[in-house]
Amino acid sequence: MTDMDVMESTDTNDFEEKKNTDKDQGVLYLGIDLGTSRTSVTGSNGERVTISSWVGYPKDVVSRKLLQKDVLFGDEALEKRLSLNLYRPLAQGVLKYNENGEEDYNGNLKAAKDLIRQAIFQAKPRKDELVYAVIGCPAEASIHNREAILEAARESVDSVMLCSEPFSVAYGLDMLDDVLVIDIGAGTTDLCRMHGTMPDESDQVTLNFAGDTIDNKLSELLKERYPEAQFTTQMVKSIKEKFGAVGELLDACVVDLPVNGKPTPFDITNEIREACHTIVPPIVEGLGKLISSFDPEFQHKLKDRVLLAGGGSQIKGLDKAITAEMHRMLGSGNVIRTEEPMYGGANGALKIAHDMPAEYWEQLK
Amino acid sequence: MFGLGKQERDSSEAQATAEAPKDQTAPVTQAGGQRLNLVGRDQFARAVSAAVRHGIETHFRGAPPEHIEAAISTAKSSMVHLLRKDSKAVRGLPKAAFLKEVQESKAKIEAEREAARRELEAMLGQLGSRREEVGQMKANLVEESRITGMEQDYELSQRISALFDASGNSPELEAVREQVTALMMQQMHAERDKVIEAQLSEHRREVTKFERRISKLTSSLELTEEELKKIAAAKGIDAGVASIYRNVQGLNAGDDDFETKKELMSSIFNANLELQKGQAAAT
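For the record, the sequence lines run as chains A and V.
According to the numbering used here, the residues represented by the first sequence are 1183 to 1547, in order.
According to the numbering used here, the residues represented by the second sequence are 2 to 284, in order.
This is the structure we're talking about:
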């Protein structure tokens, strides 16, 4: 037996098997993180892309003629918003919907479908490949919302599954045991306790303190302290994404905001710090709940492995701030930041898609 | 997933064809390979690690563990680099089918454009002749009205004169007769114009309808042109990027957490199956 024989462990003739599938070339796995603010997708073809979760439709025939498009996405939609009916279909990470069908449910559902279709299109699938996707959704998304996301996705892929976002982050990093995941999105922050089995409801907490909370708080503080400054939510969001930080070692943050039409510099260092810090106490409180309801013998292990993921985790100093708050409220703690905050959820979902047995995909087709 | 032809297994080329589509595997089988065996990337990486470790421990007994680990790490990263580099050759190969499809859709749009253009030309011709017809009709009606109008005007003035003559002649009555005649003529001319206008309006409506249809057809042609431009610009369109997997994967039996992951996959599947059943029941 040569060294290379070690590699030949599979006897299945895959090219024979391939004939039995309804498409004859390849399987494309996609991991999708469908978020309030951004939608990220990674594929087994090496493609990865993030688009902002805005979807816009021309308001009338004139706009349609001007824009030359039936639907616009992301930053382009935002830029042309005056000519568009604009949707951000996933409020707090799930489809805007209530039992009475309010909040233009049908419009949001259509926008979600188009957004998923666009995300998949951006992953450059080939027409001759089967497309199997796993979509990460918030841990506490209602059955209604899960069904709606499935309905939205089913039109664009051959088979689709949902899984909890924080779980997919942990799975992607092979951290399946004794770890707490914090996944900070725009609409929600998901906390999840991993202990070697599938996390159930008691292992997961969804908080409504996330990126949007920071934006709102920052807007509020700026209005209060600099009433003459003019700004929009979108401007505040951009400022946060550029300068977002907590802690004492923060560099001065000076931004130009218009006052009576004239760009005027404002030092908003303290406001940024205060706004970004608003999510820290509720997160640590949520972690405390998950830790205190865990086996006391293993609680210290959980506290020592807290994984910080999601777009919101890019706030400078957030890991240290949460660690410090954990020490203050829970006695100890160690927060580790993921390397790829934007793609952590999508990468994990991709790994789940890869590891899912063929018969499971077939049954869900 | 990576595949190795039995007779090609020692060549780096065979490693690089791991994810090749059917046509690329042909040389392997033609060269005498009976079968193409496939292994997962993780398993491949582990095998490389094991092979490097085995080689070092056999030939360099007593080598420090950190040196062994460093050699394994270098071998693994080199392997991944080489495979990624070579796997690019697989991407986008069967582009011909995609381009054929683009060509077909272009031909279809061109045919639609041609039909629309012909229709537009025919309508523009009809519109021209309609406009001419309306113009001619108006001229005829005006002329007709002028001729018959002169007779009617004369007859009316005669009748009015006869009425006034019967009432006797006086300078006051003469002035009244002139005023009455002028008023009656004015009224009659207005009525006559109304009749002409009514006769023309039906034809004008038809012309307007034509004009509307033409404008619609023109904008549709513009859109078609736009589509064609897009297709022309799309000559370099990527047919998509091929997945590195030729078939459905699943968990690797050699995975360290195989049992745990198997259970997790099963849980995710069951939750989704339940969700799907619930959806089906609801519909």
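The C-beta atom is built at its ideal place from N, Cα and C for all residues, glycine as well.
- The Cβ neighbour count for ALA163 of chain V, taken over all protein chains shown within 10 Å, is under 16; the residue is labelled exposed.
- What VAL249 of chain V touches in chain A, judged by beta-carbon distance under 7 Å, is VAL1209, ALA1540 and TRP1543, going in chain order.
- At the C-beta level, THR1224 of chain A and LEU1216 of chain A stay beyond 9 Å of one another.
- Interface annotation for the segment 1224-1237 of chain A against chain V: GLY1225, SER1226, ASN1227, GLY1228 and GLU1229, criterion Cβ-Cβ distance under 9 Å.
- Taking all protein chains in view, the Cβ of GLY1369 of chain A is crowded by 16 or more other Cβ atoms within 10 Å, so the residue is classified as buried.
- Contacts with chain V at 9 Å (Cβ-Cβ) include ASP1356 of chain A.
- If you check each beta-carbon in the segment 258-270 of chain V against every beta-carbon of chain A, the ones closer than 9 Å belong to ASP258, THR261, LYS262, LYS263, GLU264, LEU265, MET266, SER267, SER268, ILE269 and PHE270.
- The count of Cβ pairs closer than 8 Å, one atom from the segment 1344-1360 of chain A and one from the segment 1436-1449 of chain A, stays below three, leaving the stretches out of contact.
- In the DSSP assignment, no residue is bridged to ASN170 of chain V.
- Here ARG132 of chain V has VAL208 as same chain residues with Cβ atoms under 8 Å from its own Cβ, once five neighbours each way along the sequence are excluded.
- For LEU83 of chain V, the three-state secondary structure derived from DSSP is helix.
- Going by beta carbons, VAL1387 of chain A and LEU1484 of chain A fall outside the 9 Å limit.
- Of all residues in the segment 1370-1394 of chain A, the ones placed with a Cβ closer than 8 Å to any Cβ belonging to chain V are GLY1378, THR1379 and MET1380, in chain order.
- In this structure, LEU1312 of chain A sits near SER1341 of chain A, with a CB-CB distance shorter than 9 Å.
- Counting only unbroken stretches of 3 or more residues, the beta strand (DSSP E) elements lying wholly within the segment 1402-1478 of chain A are 1436-1441 and 1444-1449, in sequence order.
- In the DSSP assignment, HIS1377 of chain A is bridged to A:ASP1359.
- Linking THR1505 of chain A to GLY1468 of chain A through their CA atoms gives a straight-line distance of about 14 Å.
- Taking the Cα of SER1222 of chain A as reference, the smallest distance to any Cα among A:ARG1263, A:ALA1315 and A:GLU1258 is reached at A:ALA1315.
- For VAL1387 of chain A, there is no enclosing alpha helix (DSSP H); the residue is part of the beta strand (DSSP E) that begins and ends at 1386-1389.
- For PRO1240 of chain A, the secondary structure class from DSSP, reduced to helix, strand or coil, is strand.
- Contact between the segment 1292-1312 of chain A and the segment 1226-1233 of chain A is present: 3 or more CB-CB pairs across the two stretches fall below 8 Å.
- Sequence-distant partners of GLY1208 of chain A (beyond 5 residues in either direction) whose C-beta falls short of 8 Å from its own C-beta, in its chain, are ARG1308, ASP1310, GLU1311 and LEU1312.
- Take the alpha-carbon of SER1219 of chain A and the one of GLU1423 of chain A: they are about 12 Å apart.
- The beta carbons of ASP1537 of chain A and SER1514 of chain A sit no closer together than 9 Å.
- Beta-bridge annotation (DSSP): ASN1267 of chain A is paired with A:TYR1239.
- Classified as exposed, GLN1412 of chain A has fewer than 16 neighbouring CB atoms from the shown chains inside 10 Å of its CB.
- Looking at the DSSP output, PHE61 of chain V bridges to nothing.
- For VAL1351 of chain A, the enclosing alpha helix (DSSP H) starts and ends at 1347-1354.
- Close CB contacts of MET185 of chain V within its chain, under the 7 Å cut and outside five residues either way in sequence, are with LEU157 and ILE161 (chain order).
- Nearest Cα to ARG114 of chain V within the set V:GLU226, V:GLY241, V:SER267 and V:GLU275: V:GLU226.
- Among the bridge pairs identified by DSSP, THR1232 of chain A is matched with A:SER1222.
- Annotated as proximal: GLN1416 of chain A and LEU1260 of chain A, with beta-carbon spacing under 9 Å.
- Contacts with chain V at 9 Å (Cβ-Cβ) do not include ARG1487 of chain A.
- Across the structure, MET189 of chain V and VAL177 of chain V are spaced so that their CA atoms are roughly 18 Å apart.
- Cβ-Cβ distances below 7 Å link LYS1247 of chain A to nothing in the same chain once the five nearest sequence neighbours on each side are left out.
- No Cβ of chain A is located within less than 9 Å of the beta carbon of GLN187 of chain V.
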